[in-house]
Amino acid sequence: MKIEPLAVHSADSARLLARVRETALAGDTPRAAPRPVIDASWQRVMRIGIDPDRSTSSDLLPVGELEHRRRATALGELLPSLSQGLIAVVQASQQIMVVTDEEGRVLWRDGDRGVMRKADGICLEAGAAWSEDTTGTNGIGTALELRRPVQVHSAEHFVRTLHDWTCAAAPVHDPRDGRMLGVIDVSGVDSTFHPATLALVESVARLAEAELRDRHFRSVERLRSVAAPVLCRVGGRALAVDAHGWLAAVTGMPPVDRLPLPKSFRAGRRWLPSLGMCAVEPLPGGWLVRVEEAAQALDAAVSRVVLDVSSRRRSSVTVSGPAGDWTHELSPRHAELLYALSAHREGRSAAELAADLFGDRTRTVTVRAEISRLRRHLAQVLAHRPYRFADEVEVEVIAPAHPADLLPHSTAPAITAARRTGSLE
Numbered sequence: 001m002k003i004e005p006l007a008v009h010s011a012d013s014a015r016l017l018a019r020v021r022e023t024a025l026a027g028d029t030p031r032a033a034p035r036p037v038i039d040a041s042w043q044r045v046m047r048i049g050i051d052p053d054r055s056t057s058s059d060l061l062p063v064g065e066l067e068h069r070r071r072a073t074a075l076g077e078l079l080p081s082l083s084q085g086l087i088a089v090v091q092a093s094q095q096i097m098v099v100t101d102e103e104g105r106v107l108w109r110d111g112d113r114g115v116m117r118k119a120d121g122i123c124l125e126a127g128a129a130w131s132e133d134t135t136g137t138n139g140i141g142t143a144l145e146l147r148r149p150v151q152v153h154s155a156e157h158f159v160r161t162l163h164d165w166t167c168a169a170a171p172v173h174d175p176r177d178g179r180m181l182g183v184i185d186v187s188g189v190d191s192t193f194h195p196a197t198l199a200l201v202e203s204v205a206r207l208a209e210a211e212l213r214d215r216h217f218r219s220v221e222r223l224r225s226v227a228a229p230v231l232c233r234v235g236g237r238a239l240a241v242d243a244h245g246w247l248a249a250v251t252g253m254p255p256v257d258r259l260p261l262p263k264s265f266r267a268g269r270r271w272l273p274s275l276g277m278c279a280v281e282p283l284p285g286g287w288l289v290r291v292e293e294a295a296q297a298l299d300a301a302v303s304r305v306v307l308d309v310s311s312r313r314r315s316s317v318t319v320s321g322p323a324g325d326w327t328h329e330l331s332p333r334h335a336e337l338l339y340a341l342s343a344h345r346e347g348r349s350a351a352e353l354a355a356d357l358f359g360d361r362t363r364t365v366t367v368r369a370e371i372s373r374l375r376r377h378l379a380q381v382l383a384h385r386p387y388r389f390a391d392e393v394e395v396e397v398i399a400p401a402h403p404a405d406l407l408p409h410s411t412a413p414a415i416t417a418a419r420r421t422g423s424l425e
């Protein structure tokens, strides 16, 4: 008999879900199934060892650390916009808005005063930890794990203390580099549940990203006005880029949208994968990068690549060669693609990679576009015809301790098959 996932919108289904949860935690097969996103989260937190009867209290960040995180995140600049989009709604519906950083630490909250007092009782307050690692299945932590919006209601929460709550959360990404900045969450007692809340939170998160994008465009324009006269006096090939590598001006070479920069980038002589040895100087709001023409013959052959997919939230690739080591943080799609290539050192055609990533061999145009983006960072690592890691490069994959934790946000067939078979390398 087919088991249908449970809905969450009625009192009856909430009570049934509570019984399903108890059965699942006991290790038995429930008669009805929780939603797949909830079931996967329950499995993760059980592997971590979260006690379903534990308190949700956590050690709060010290005041100084909390203020430092508030100042360091771009989300602070967006608070007025977030409040304008959500506060009136959450107050009218007797809920609260919560903003966290990328680790799930609560930075700000606002909304109905009575609900905030109740939230103190479950430690949903400034400085508290709400990742899945600390608090089990919940809107904030599960949205961080999946990198996408999620709604968690009543007994879908892993920890029993939260069964009287409902929450909808959406991650906010930095459009400059794709990095997750944190999560916007709307929470309230379970009687305030409404399926439209998730769409509202997601739309506010997208508006926040749009505002960051507009601010970025304006900052690049300011850098361009400073860099243009400088580049007029520079001979040879040179670029002016912002702190994230986005191009403001260029001379002596074709323009690119973005120059891949190592994570730790500073002034001086620096080797860049796409340009070779460069002289780097600071500019207001960015960098002047001058290619050292005499250094173009430098043999920068890569000898080793380490693909690290051990973390449930972040993936990276570290490249080693004569010029030293450098690490690049990967987008979810690029992590999937490199993992597929690491599992097939003999190479994959565009159609095979399309099947690996999308389950659709016809999506070759998308695959080629993603490979092109990856080659901006890994030109000396990736070969083509077929697509593969270069033959002379040693490739190591750092896998998670448990196969089910491999890129948990991914639905790519190659990744889901690896989780199912337990073959991570």
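Start counting the sequence shown at 1; every next residue gets the next number (the numbering used here). Glycine residues also receive a C-beta, built at the ideal position from the N, C-alpha and C atoms.
Check: Going along the chain, which residues of its own chain have a beta-carbon closer than 7 Å to the beta-carbon of Gly427, five neighbours each way excluded?
Finding: Here the chain covers residues 1 to 425 and nothing more, so residue 427 does not appear.
Checklist line | Exposure label - His68; buried when at least 16 CB within 10 Å | finding: exposed
Notebook entry, point to check: How far does the beta strand (DSSP E) with Ala168 in it reach, from first residue to last?
Noted result: 165-173
Next item on the list: Identify whether Pro36 lies in helix, strand or coil by the three-state DSSP scheme.
Entry: Residue state for Pro36 is assigned as helix, using DSSP reduced to three classes.
Check: Under the DSSP definition of a beta bridge, which residues are partnered with Arg290?
Finding: Ala238, Ala279
Check: Just how far apart, CA to CA, sit Asp299 and Gln380?
Finding: Only weak support is given to the placement of Asp299: the predicted model assigns it a pLDDT of 45, under 50, and the question is left unresolved by the model.
Next item on the list: Note down the Cα distance separating Ile374 from His334, rounded to an integer number of angstroms.
Entry: One detail in the question is off: residue 374 reads as Leu in this sequence, not Ile. The straight-line gap separating the alpha-carbon atoms of Leu374 and His334 is approximately 7 Å.
Check: Does the distance from the C-beta atom of Asp214 to that of Ala74 stay below 9 Å?
Finding: The beta carbons of Asp214 and Ala74 sit no closer together than 9 Å.
Margin query: Does the structure place the region 179-188 close enough to the region 83-100 that three or more beta carbon pairs sit under 8 Å?
Written below: yes
Item checked: Cross-strand partners of Trp246 (DSSP beta bridge) -> Arg258
Notebook entry, point to check: Where does Trp130 sit, in a helix, a strand or coil, going by DSSP?
Noted result: coil
Next item on the list: Below 8 Å on the Cβ atoms is my guess for Val45 versus Gly139; work out the distance and round it to an integer in Å.
Entry: So it is not a contact: roughly 14 Å between Cβ atoms.
Margin query: Looking at chain C, is there any beta carbon in it that lies within less than 9 Å of the beta carbon of Arg44?
Written below: In the structure shown, chain C cannot be found, because there is only a single protein chain.
Item checked: Range of the contiguous beta strand (DSSP E) that encloses Gln151 -> 150-153
Margin query: Once the 5 residues before and after Leu247 are set aside, which same chain residues still bring their CB inside 7 Å of it?
Written below: The beta carbon of Leu247 sits closer than 7 Å to those of Leu239, Val241, Pro255, Val256, Asp257, Arg258, Leu259, all from its chain and outside the five residues before and after it, given in chain order.
Check: Does DSSP put Thr327 in a helix, a strand or coil?
Finding: Strand at Thr327.
Margin query: Restricting to Cα atoms, I'd like to know which of His409, Ser342, Ala205, Val226 is closest to Val288.
Written below: Here the sequence assigns Leu to residue 288, which means Val is not the residue at that position. Cα-wise, what sits closest to Leu288 is Val226.
Item checked: Close beta carbons around Leu231, own chain, < 7 Å, minus the five adjacent residues each side -> Ala238, Ala240, Ala249, Thr251
Notebook entry, point to check: Would Asp405 be called buried (16 or more neighbouring beta carbons within 10 Å of its own) or exposed?
Noted result: buried
Check: Among Gly347, Ser315, Glu77, Leu124, which one has its Cα closest to the Cα of Val189?
Finding: Leu124
Next item on the list: Count the other CB atoms, across all protein chains shown, that sit within 10 Å of the CB of Arg388; report buried if there are 16 or more and exposed otherwise.
Entry: buried
Next item on the list: Give the DSSP-derived three-state secondary structure of Ile371 in the structure shown.
Entry: helix
Check: When DSSP labels each residue in this structure, what does Glu4 get in the three-state scheme?
Finding: Note that Glu4 scores 41 on pLDDT, short of 50, meaning its location in the model is unreliable; the coordinates nonetheless yield the value given after this. Three-state result, Glu4: coil.
Notebook entry, point to check: Per DSSP, what kind of secondary structure is Phe358 in: helix, strand or coil?
Noted result: helix
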